[in-house]
């Protein structure tokens with residue numbers, strides 16, 4: 061009996077450890093960074109929201125970036141990516157959209173498996189996510205070191221949410237969408253910011269949405285600038301810096317995608333900030349926050365193409 065209890069405890073510990081250290085390489089990159097990192101506790105529509113903030117080492121005030129992670133939550137790579145953008149000269153904030161949803165009220169790091177993280181993220185109501193993004197955007201743009209300009213950068217699930225945030229947030233200066241799905245066509249009329257898309261050439265599931273998105277954004281009179289990187293698969297921004305990556309196209313796409321992203325951010329940084337009035341498009345009342353999503357297979361996106 062004692063041996064069985066020990067085995068059970070060991071399996072639980074191993075599961076938790078495996079989830080926490082699945083991206084050790086990213087954590088090591090983050091630990092080696094000279095930049096200032098901090099965790100902040102915010103409120104989003106009355107509920108707690110934890111977020112990770114990285115400051116650049118610059119002399120002047122900087123543009124703020126809301127980084128929206130993959131469906132894997134606020135992972136080691138997501139924080140490392142935030143640090144990479146801060147190294148380029150920007151204040152970056154990344155919300156933990158699973159704050160309070162894990163075991164014992166924890167966030168992403170408290171889940172015992174990656175599968176449980178992806179299912180929980182998949183089940184989040186879009187209105188709840190928009191409220192989370194509003195909370196971090198309000199916080200980061202009001203920091204004394206911020207210049208008032210705001211961009212969203214999202215990956216995978218977060219790429220779709222970055223596109224959706226552009227339909228919601230009126231003072232957004234630019235939205236960067238990495239291999240994420242578009243919002244409904246009817247919502248595109250509310251977009252005020254240019255949208256830049258980054259896609260892998262070997263990602264047909266997402267790439268199939270690009271032609272219709274181009275037409276819909278054009279019809280709505282909105283700027284949508286997609287680029288597809290040949291030889292790259294889904295998730296190339298993470299895979300391209302993963303030491304275990306064996307696809308050269310992922311590494312090349314990561315380098316070219318990051319260069320394009322920082323080039324566009326530099327243009328934004330040099331331009332004027334938007335007036336902070338009527339910042340948000342009213343969202344429908346959120347449904348009850350889903351903790352255990354009804355998901356039969358692990359998916360990387362909310363592939364709701366209504367209106368496309």
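In my numbering, the protein residues as written are 61 to 368.
Note that the Cβ used here is the ideal one computed from N, Cα and C, for glycine as well.
Since residue i sits in a beta bridge, which residues does DSSP pair it with?
i: residue 110; result: 101
i: residue 210; result: 124
i: residue 215; result: 238
i: residue 154; result: 112
i: residue 288; result: 259
i: residue 294; result: BP columns for residue 294 are empty, so no partner.
Can you have a look at residue i and say buried or exposed, based on whether 16 or more other CB atoms are within 10 angstroms of its CB?
i: residue 331; result: exposed
i: residue 159; result: buried
i: residue 269; result: buried
i: residue 265; result: exposed
i: residue 65; result: Low confidence applies here, because residue 65 scores a pLDDT of 41, under 50, leaving its location unreliable; read the following figure in that light. Exposed, since its Cβ has fewer than 16 Cβ neighbours within 10 Å.
i: residue 249; result: exposed
i: residue 319; result: exposed
i: residue 179; result: buried
i: residue 83; result: buried
i: residue 304; result: exposed
i: residue 253; result: buried
i: residue 279; result: exposed
i: residue 116; result: buried
i: residue 273; result: buried
i: residue 101; result: exposed
i: residue 91; result: exposed
i: residue 418; result: Here the chain comprises residues numbered 61 to 368, so residue 418 is not present and cannot be evaluated.
Straight-line CA distance for residue i to residue j?
i: residue 173; j: residue 189; result: 22 Å
i: residue 131; j: residue 197; result: 20 Å
i: residue 321; j: residue 176; result: 31 Å
i: residue 374; j: residue 123; result: Nothing can be reported for residue 374: it is not among the residues displayed for the chain, which extend from 61 to 368.
i: residue 153; j: residue 98; result: 10 Å
i: residue 194; j: residue 225; result: 9 Å
i: residue 39; j: residue 271; result: Nothing about residue 39 can be reported from this structure: the residues present for the chain run from 61 to 368 only.
i: residue 259; j: residue 114; result: 26 Å
i: residue 313; j: residue 207; result: 30 Å
i: residue 288; j: residue 298; result: 16 Å
i: residue 184; j: residue 267; result: 24 Å
i: residue 311; j: residue 295; result: 11 Å
i: residue 140; j: residue 88; result: 9 Å
i: residue 135; j: residue 309; result: 23 Å
i: residue 373; j: residue 169; result: With the chain represented from 61 up to 368, any question about residue 373 goes unanswered, as that position is not in the structure.
i: residue 138; j: residue 218; result: 10 Å
i: residue 228; j: residue 237; result: 15 Å
i: residue 182; j: residue 93; result: 31 Å
i: residue 306; j: residue 146; result: 27 Å
i: residue 275; j: residue 121; result: 37 Å
i: residue 202; j: residue 85; result: 33 Å
i: residue 242; j: residue 133; result: 20 Å
i: residue 323; j: residue 317; result: 10 Å
i: residue 96; j: residue 277; result: 38 Å
i: residue 377; j: residue 257; result: Since the first residue shown for the chain is 61 and the last is 368, residue 377 is missing from the structure and cannot be characterised.
i: residue 251; j: residue 244; result: 12 Å
i: residue 302; j: residue 192; result: 29 Å
i: residue 103; j: residue 216; result: 25 Å
i: residue 142; j: residue 171; result: 22 Å
Measure how close the beta-carbons of residue i and residue j come, nearest whole angstrom, since I'm counting them as under 8 Å.
i: residue 223; j: residue 255; result: 6 Å
i: residue 291; j: residue 262; result: 7 Å
i: residue 235; j: residue 151; result: Going by Cβ atoms, the distance from residue 235 to residue 151 rounds to 17 Å, so no, they are not a contact pair.
i: residue 315; j: residue 293; result: Contact flag wrong, Cβ pair sits at about 15 Å.
i: residue 128; j: residue 221; result: 5 Å
i: residue 187; j: residue 156; result: At roughly 18 Å, the Cβ-Cβ gap does not stay under 8 Å, so residue 187 and residue 156 are not in contact.
i: residue 126; j: residue 149; result: Rounded, the Cβ-Cβ distance is 16 Å, inconsistent with contact.
Could you tell me whether any non-hydrogen atom of the ligand COA is closer than 7 Å to the CB of residue i?
i: residue 184; result: Questions concerning the ligand COA fall outside what the structure shown contains, since it holds no ligand whatsoever.
> Quick one: any contact between the region 162 to 169 and the region 207 to 223, if contact means 3 or more CB pairs under 8 Å?
Replying inline: no
>> Would the region 99 to 108 count as touching the region 268 to 285 if we require 3 or more Cβ pairs under 8 Å?
In response: no
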